[in-house]
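Structure first, commentary second.
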Amino acid sequence: MKLSEIAAGIPGSAIKGVSDPEIAKVDYDSRQVNAGSLFFALQGEREDGRKFIPQALERGAAAVALSAEPDSPLDVPYIIVSQPRQALALAAGIVTGYPDQHIDLVAVTGTNGKTTIISLVGEILKYETGKSGVIGTLGGVIGDRTHSLERTTPEAPDIYALLAEMYREGIHQAAMEVSSHALSLERVFGMKFSAAVFTNLSRDHLDFHETIDEYFNAKAKLFSDYKVGTAIINVDDQYGQKLVSLTDSDVLTFALESSADVHPTDLQVTGDGIFIKAGTPRGEVEFQSPLLGRFNAYNLLGALAVSEVLKTSHEAFVSAVKEFKGAPGRLEQIILKDRRVFIDYAHTPEALKLVLTEIKRISEGPLVVVFGCGGDRDQEKRPIMGRIAEENSDTVYITTDNPRTERPARIMSEILSGLQRPQDVMTILDRRHAISTALHKLPAGGTLLIAGKGHETYQEINGKRFPFDDRAEVIKYQRELVR
1 MKLSEIAAGI PGSAIKGVSD PEIAKVDYDS RQVNAGSLFF ALQGEREDGR
51 KFIPQALERG AAAVALSAEP DSPLDVPYII VSQPRQALAL AAGIVTGYPD
101 QHIDLVAVTG TNGKTTIISL VGEILKYETG KSGVIGTLGG VIGDRTHSLE
151 RTTPEAPDIY ALLAEMYREG IHQAAMEVSS HALSLERVFG MKFSAAVFTN
201 LSRDHLDFHE TIDEYFNAKA KLFSDYKVGT AIINVDDQYG QKLVSLTDSD
251 VLTFALESSA DVHPTDLQVT GDGIFIKAGT PRGEVEFQSP LLGRFNAYNL
301 LGALAVSEVL KTSHEAFVSA VKEFKGAPGR LEQIILKDRR VFIDYAHTPE
351 ALKLVLTEIK RISEGPLVVV FGCGGDRDQE KRPIMGRIAE ENSDTVYITT
401 DNPRTERPAR IMSEILSGLQ RPQDVMTILD RRHAISTALH KLPAGGTLLI
451 AGKGHETYQE INGKRFPFDD RAEVIKYQRE LVR
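Numbering of the sequence shown is given in UniProt numbering, commencing with residue 1 and proceeding in unit increments.
This is the structure:
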């Protein structure tokens, strides 16, 4: 495809240079550039993409896109674009042939539940068609292959590359997590969604959005500014109720308490799972799920609402949810003889409270929690999470999460500041040691929650990622028990 054809699809762009090269792909990372690339020199959080133009040219970039004239003459043609991130998304769509136009793509946004819902949808599609594609926190999953991703929602060229691969594989329905960062940074600009799901909204990412209203406005963009066929909204959530009036899309609501299009007529949440008899626009459906917790009842109804829009059979839905044991690191249970351990990604105040509340409800013995808070993120949530852990468990271990560039001891001190009885809390800097100590001291009949990292297989410390997996630590202890 010629550079001029791409420029024609980007409003307000202007080509500078005499040649009109063939463009094979679009890149925003100079390390991924090769012959035929159009390199977008974006302004990042820490670096200006212009700095990497020489590297991109060395690697064979055929052209460059910038928001202003380059600092020095270039040996290749370049495009001046007024909205670089929007232009990146548009260019990626053009070069890949707009695979989103050929796939029923479902976006899922909200503070909690995104990963579980897209995983459920993926399983439902497998039962219905034998094929599925999902993009999110756990990676880009296409059939039996998983592409690792650095972000919950990748940059537009990566999304389009995954969608194009899905389309080539004959996948015509897919689900994707869409984060507030992605919406603010235009990563899904111009994409077409058959449906978009809103799960809920509570405090998160305030290091980036600053206020809860800004955070909501970022999420709301998906429903007000994008091409969405059906808005699927949890109307038990106060922000979901706001969204209903903001979107011009068709609306399909779901709820446990409020009147909604998809709603339970019978709901039983026990220590063995969830039973729901639900009313839907296509009739009543009964299903049993091994997932635990009332919050997962919302996730199941959200996935059922997606099934209504995609018109997958109720039989496929019932079979899929019966077998789906949960996404990795989402209330993931490991049995240790007469004790239980749960691994969960809960890293926000609301998520931690929800998980602790549900575990308390199904546990008879003492409840112990090990958690920390991530560095370089919302600092105000730290004392709040400390108080929640103290009020909803019997024993608290405060440790590190991903300290990133912050001092772990400072993060732990800020968590402690929210506690009524900080002297009763165990503080262990080393996460591995904290988990090991909690496991060895966990009494018979007790339950341990290890919160914050869930599926993650690393700890990020001073800009480097070191191998670390909460689940692996528990399994190592489990093996010691059977020796």
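Ideal Cβ positions, reconstructed from N, Cα and C, are used throughout, including at glycine.
For residue j and residue i, the rounded distance between their alpha carbons
i, j, result
"leucine 267", "glutamate 284", "13 Å"
"arginine 294", "threonine 357", "10 Å"
"aspartate 261", "alanine 195", "15 Å"
"glutamate 460", "alanine 451", "16 Å"
"glycine 44", "leucine 185", "10 Å"
"lysine 221", "glutamate 155", "17 Å"
"aspartate 144", "glycine 170", "14 Å"
"valine 251", "aspartate 236", "15 Å"
"serine 19", "leucine 42", "23 Å"
"aspartate 248", "tyrosine 226", "10 Å"
"aspartate 430", "arginine 59", "42 Å"
"aspartate 470", "valine 64", "43 Å"
"methionine 1", "leucine 304", "41 Å"
"leucine 416", "valine 396", "11 Å"
"histidine 440", "glycine 36", "57 Å"
"glycine 97", "valine 106", "19 Å"
"residue 531", "lysine 337", "In the structure as shown, the chain starts at 1 and stops at 483, and residue 531 therefore has no counterpart that could be examined."
"isoleucine 117", "valine 108", "8 Å"
"glutamate 456", "isoleucine 159", "21 Å"
Where the beta strand (DSSP E) containing residue i begins and where it ends
i, result
"alanine 409", "Counting along the chain, alanine 409 falls outside any beta strand (DSSP E), though it belongs to the alpha helix (DSSP H) covering 408-416."
"valine 106", "104-109"
"glutamate 460", "458-461"
"glutamine 83", "That residue, glutamine 83, is in no beta strand (DSSP E); it is neither H nor E in DSSP."
"glutamate 332", "332-336"
"valine 369", "367-371"
"arginine 340", "339-344"
"glutamate 69", "No beta strand (DSSP E) holds glutamate 69; DSSP gives it neither H nor E."
"valine 33", "Segment: none, valine 33 is in no beta strand (DSSP E) and carries neither H nor E."
"alanine 14", "14-16"
"valine 396", "395-398"
Selection from the options that minimises the alpha carbon distance to residue i
i, options, result
"asparagine 112", "Ser180, Glu150 and Ile159", "Ser180"
"isoleucine 274", "Leu291, Ala220 and Pro264", "Leu291"
"aspartate 27", "Lys16, Ser19 and Phe40", "Phe40"
"isoleucine 15", "Ile80, Gly372 and Phe287", "Ile80"
"valine 387", "Ala278, Phe371, Val188 and Asp20", "Before going further, note that residue 387 is arginine rather than valine in the sequence given. That would be Phe371, whose Cα lies nearest to the Cα of arginine 387."
"threonine 312", "Ala297, Arg340, Val341 and Pro281", "Pro281"
"threonine 265", "Ser4, Glu286, Thr253 and Gly446", "Glu286"
"arginine 382", "Asp338, Thr447 and Asp204", "Asp204"
"glycine 445", "His102, Ile343, Glu473 and Ile335", "Ile335"
"glycine 302", "His263, Lys277 and Pro70", "His263"
"glutamine 32", "Ala89, Phe342, Ala56 and Leu354", "Ala56"
"isoleucine 10", "Leu442, Ile159 and Val95", "Val95"
"threonine 449", "Asn462, Gly365, Glu406 and Arg407", "The displayed chain sequence assigns leucine, not threonine, to residue 449. If we check each option's Cα against that of leucine 449, Gly365 comes out closest."
"asparagine 299", "Ser259, Gly271, Ser258 and Phe254", "Phe254"
"alanine 161", "Phe223, Ala92 and Ser4", "Ala92"
"proline 443", "Tyr215, Asn217 and Arg340", "Arg340"
"residue 553", "Val355, Leu163, Leu243 and Gly418", "There is simply no residue 553 to check, as the chain begins at 1 and stops at 483 in what is shown."
"threonine 199", "Phe216, Gly190 and Phe193", "Phe216"
"threonine 437", "Glu47, Arg465, Ile212 and Tyr477", "Tyr477"
"arginine 377", "Val368, Lys219 and Pro408", "Pro408"
"serine 132", "Met166, His147, Pro157 and Ile117", "Met166"
"phenylalanine 466", "Gly279, Arg432 and His347", "Arg432"
Where the alpha helix (DSSP H) containing residue i begins and where it ends
i, result
"glycine 386", "381-391"
"glycine 240", "238-246"
"aspartate 158", "156-168"
"aspartate 213", "212-224"
"glutamate 358", "349-362"
"threonine 437", "431-441"
"isoleucine 53", "53-58"
Beta-bridge partners of residue i, as assigned by DSSP
i, result
"glycine 279", "His263"
"glutamate 22", "Lys2"
"proline 467", "Tyr458"
"lysine 192", "Lys227"
"histidine 147", "Gly140"
"glutamine 288", "Phe275"
"phenylalanine 40", "Ala65"
"glutamate 177", "Val108"
"alanine 451", "Asp344"
"asparagine 234", "Phe254"
"valine 306", "The partner list for valine 306 (beta bridge, DSSP) is empty, contrary to what the question assumes."
"glycine 133", "Ile142 and Ala174"
"arginine 404", "Ile461"
Kindly confirm or deny that the region 122-129 and the region 327-345 touch, where touching means at least three C-beta pairs closer than 8 Å. Counting Cβ pairs under 8 Å, fewer than three are found: no touch.
Assess contact between the region 132-152 and the region 73-92, defined as three or more Cβ pairs (one per stretch) separated by less than 8 Å. Is contact present? no
On the three-pair Cβ rule with 8 Å, is the region 318-325 touching the region 384-401? no
Does the count of Cβ pairs from the region 364-378 and the region 392-412 closer than 8 Å reach three? yes
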